[in-house]
Amino acid sequence: GAVVSQHPSWVICKSGTSVKIECRSLDFQATTMFWYRQFPKQSLMLMATSNEGSKATYEQGVEKDKFLINHASLTLSTLTVTSAHPEDSSFYICSANAGGHRGNEQFFGPGTRLTVL
Amino acid sequence: AQTVTQSQPEMSVQEAETVTLSCTYDTSESDYYLFWYKQPPSRQMILVIRQEAYKQQNATENRFSVNFQKAAKSFSLKISDSQLGDAAMYFCASYGNKLVFGAGTILRVKS
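From first to last, the protein sequence lines are chains S and E. Going by this note's numbering, the first residue of the first sequence is number 30, and it counts up by one from there. Going by this note's numbering, the first residue of the second sequence is number 11, and it counts up by one from there.
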């Protein structure tokens, strides 16, 4: 159990376009989802925390108008990279909090590789 | 604020041998959790082991065990009987009010 999926797994887009990445908890309800960014050979950096039905909380230095997060249901959160530029190329990973006795454990999606040309 | 430090960018171990990955952390939270995650080349994050800070007993999961020294804020991972499939990037992480990762340690396993 506790499977998280992401779609797409990789995407290539032109500079100036917007890209939407979906994160789904497949077999549990996730009141909280998290979005991370990872550059090659580096660690995961938390971008924002997404709570169902409310606005996302962004980490310092993350542009909320550029990285739009929507958590419309207990099983789906989306990250939209607006007006993408080559420097936005990265690996984006989502995770979901299962709650309950494992409330602090996060289950990670497989990641989405974004390449902006 | 939370910080996690992994001072070993890379480690190597011979197959079937034991290796220890180091991690130190700092947190102002009184209730927190510590984790070791494995990230293989597929980049899927896999939970290796977790430790509740209020528990004195070191966590163990098969060949993986931790040495949790709360006063020293140290949380090292020991991998016994290393296997080729253990080769990956390993991240230490702490959770107080959010999950904070260390820089990672690349583990290479030699056959």
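Every residue, glycine too, gets a C-beta built ideally from N, C-alpha and C.
The way I'd put it, the region 113 to 127 of chain S does touch the region 56 to 69 of chain S; three or more beta-carbon pairs between them come closer than 8 angstroms.
Contact check for T141 (chain S) and S118 (chain S): beta-carbon distance about 11 angstroms, past the 8 angstroms limit, so the pair fails to qualify. D41 (chain E) carries a coil assignment under DSSP once its states are collapsed to helix, strand and coil. Annotation: the continuous beta strand (DSSP E) that includes F85 (chain E) extends over 84 to 89. Between V14 (chain E) and G112 (chain E) a beta carbon distance of about 4 angstroms is seen, short of the 8 angstroms cut, so the two are scored as contacting. Annotated as proximal: F96 (chain S) and L108 (chain S), with beta-carbon spacing under 8 angstroms. By the beta-carbon neighbour count (other beta carbons within 10 angstroms, threshold 16), R118 (chain E) is exposed.
Taking 8 angstroms as the cut-off, the beta carbon of K83 (chain E) is found closer than this to the beta carbon of D36 (chain E). The way I'd put it, the region 68 to 75 of chain S does touch the region 101 to 110 of chain E; three or more beta-carbon pairs between them come closer than 8 angstroms. The closest CA to that of Q66 (chain E), considering only E:N72, E:V76, E:E27, is found on E:V76. Scanning S:A31, S:Q35, S:F137, S:S83 for the CA closest to the CA of A101 (chain S) turns up S:S83.
Just measuring C-alpha positions, the residue of S:E92, S:A31, S:E116 sitting nearest R53 (chain S) is S:A31. The alpha-carbon of V23 (chain E) is positioned some 6 angstroms away from that of K120 (chain E). Counting of Cβ neighbours within 10 angstroms places S44 (chain S) among the exposed residues, the total staying below 16. Ranked by Cα distance from S92 (chain E), the options E:A11, E:A26, E:E20, E:Q12 are led by E:A26. Put simply, of E:A63, E:E71, E:R73, E:K88 the residue whose alpha carbon is nearest the alpha carbon of Q79 (chain E) is E:A63.
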